[in-house]
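Here is the structure we will look at.
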Amino acid sequence: MGTEGYLAWRPAFSSHLRALSVQRNPILADVFHRTGLIERWGRGTNRVVAMCKDAGIAPPSFREITGAAVVTFAVSIGGAVGATPQVTPQVTPQVTPQVRAVLAAMVGGERSRLQLQKAARMKDREHFRKDYIEPLLAAGWMERTIPDKPQSSRQRYRLTAAGKAAIEQERQS
2 MGTEGYLAWR PAFSSHLRAL SVQRNPILAD VFHRTGLIER WGRGTNRVVA MCKDAGIAPP
62 SFREITGAAV VTFAVSIGGA VGATPQVTPQ VTPQVTPQVR AVLAAMVGGE RSRLQLQKAA
122 RMKDREHFRK DYIEPLLAAG WMERTIPDKP QSSRQRYRLT AAGKAAIEQE RQS
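Numbering (the working numbering), first residue to last: 2 to 174.
Now the structure itself:
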């Protein structure tokens, strides 16, 4: 009873709906069921497709690559619908109280990382950089004053037009 990393069956993913499920490892399936990680064996693909239809989005495409099942969802980014094979860094940041504080701090002009970090009441520099600075830069809500030297001790940040629009939209909601 192995748990090799390949599919026990070679599905024709174009006809994946209502396909017969095969338990390669019934003991493992039973453990997953008893711990609540799965409700019932063999319903996942059909449930995903049904949930997509209920949400009004296209069902995912299913394919096999070297024995692994690959599921690709079509998403709408900027009004265009298309399949995206990986998560894009251009995802709009979630507007948390810390993000609001960072954006509000820049309304008055350019600010240093430390000034922004203090405005957000964050202590961990690396966490602040990875979870707040980088996403806001990637979303285009703020920009560096010295773009070719991101590590400069004189680096400051300022709001972009998109950042100002995000603040205005937040005020209206």
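Don't be surprised by glycine CBs; every beta carbon is placed ideally from N, CA and C.
Anyone know if the C-beta pair for threonine 146 and glutamate 111 falls short of 9 Å? Working through the sequence shown from its first residue, we reach residue 146 at position 145. Working through the sequence shown from its first residue, we reach residue 111 at position 110. Result yes, Cβ atoms of threonine 146 and glutamate 111 sit closer than 9 Å.
If I follow the unbroken beta strand (DSSP E) through arginine 145, where does it start and stop? Here residue 145 corresponds to residue number 144 of the sequence shown, with the count starting at 1. Run containing arginine 145: 143 to 145, per the beta strand (DSSP E) assignment.
If we ignore side chains and look at the alpha-carbon of each, how far apart do proline 136 and isoleucine 66 end up? The residue given as residue 136 occupies position 135 in the sequence shown. The residue given as residue 66 occupies position 65 in the sequence shown. Distance between the alpha carbons of proline 136 and isoleucine 66: 31 Å.
Where does glutamate 111 fall in DSSP's three states? Translated into the one-based positions of the sequence shown, residue 111 becomes position 110. Note: glutamate 111 maps to coil in three-state DSSP.
Could you check if isoleucine 134 is buried or exposed, using at least 16 other CB atoms within 10 Å of its CB as the buried criterion? Walking along the sequence shown from the start, residue 134 turns up at place 133. By the Cβ-count criterion, isoleucine 134 is buried, with 16 or more other Cβ atoms from all chains shown falling within 10 Å of its own Cβ.
Across which residues does DSSP place tyrosine 158 in a beta bridge pair? Residue 158 sits at position 157 when you count from the first residue of the sequence shown. In the DSSP output, where bridge partners are listed per residue, tyrosine 158 has Arg112, Arg145.
Would you check if the distance between the CB atom of methionine 143 and the CB atom of leucine 115 is smaller than 9 Å? Here residue 143 is taken as the residue at index 142 of the sequence shown, counted from 1. Here residue 115 is taken as the residue at index 114 of the sequence shown, counted from 1. Cβ atoms of methionine 143 and leucine 115: not closer than 9 Å.
For a quick check, are the C-beta atoms of arginine 130 and glutamine 99 less than 9 Å apart? The residue given as residue 130 occupies position 129 in the sequence shown. The residue given as residue 99 occupies position 98 in the sequence shown. No, they are not a contact pair.
What do you reckon, are the CB atoms on proline 60 and valine 49 nearer than 9 Å? Translated into the one-based positions of the sequence shown, residue 60 becomes position 59. Translated into the one-based positions of the sequence shown, residue 49 becomes position 48. Their beta carbons are under 9 Å apart, which means proline 60 touches valine 49 by this criterion.
Cβ separation of glycine 141 and alanine 120, assumed to be a contact under 8 Å, to the nearest whole Å: On the sequence shown, position 140 is the one that residue 141 refers to. On the sequence shown, position 119 is the one that residue 120 refers to. Wrong, their Cβ atoms sit about 20 Å apart, outside the cutoff.
Between the alpha carbons of alanine 166 and arginine 172, how many angstroms are there, rounded? Taking the sequence shown and counting its residues from 1, the one referred to as residue 166 is at position 165. Taking the sequence shown and counting its residues from 1, the one referred to as residue 172 is at position 171. A straight line joining the alpha-carbon of alanine 166 with that of arginine 172 spans about 10 Å.
Which of the three DSSP states, helix, strand or coil, is assigned to valine 96? Here the question's residue 96 lines up with position 95 in the sequence shown. Correct three-state label for valine 96: coil.
Using three-state DSSP, classify glutamine 31 as helix, strand or coil. For this step, residue 31 is matched to residue 30 along the sequence shown. The amino acid occupying residue 31 in the given sequence is aspartate; glutamine does not appear at that position. It is helical.
Considering only the alpha carbon of each residue, which of Val76, Phe63, Asn47, Gly109 lies closest to glycine 57? Counted from its first residue, the sequence shown places residue 57 at position 56. Looking only at Val76, Phe63, Asn47, Gly109, the smallest Cα-Cα distance to glycine 57 is reached by Val76.
With DSSP as the reference, label asparagine 47 as helix, strand or coil. Reading the sequence shown from its first residue, position 46 is the one you call residue 47. Helix at asparagine 47.
Which same chain residues end up closer than 7 Å to arginine 155 when comparing Cβ atoms and leaving out the 5 residues on each side of it in sequence? The residue given as residue 155 occupies position 154 in the sequence shown. If we look at arginine 155 and ignore the five residues flanking it on each side, its Cβ neighbours are Ile147.
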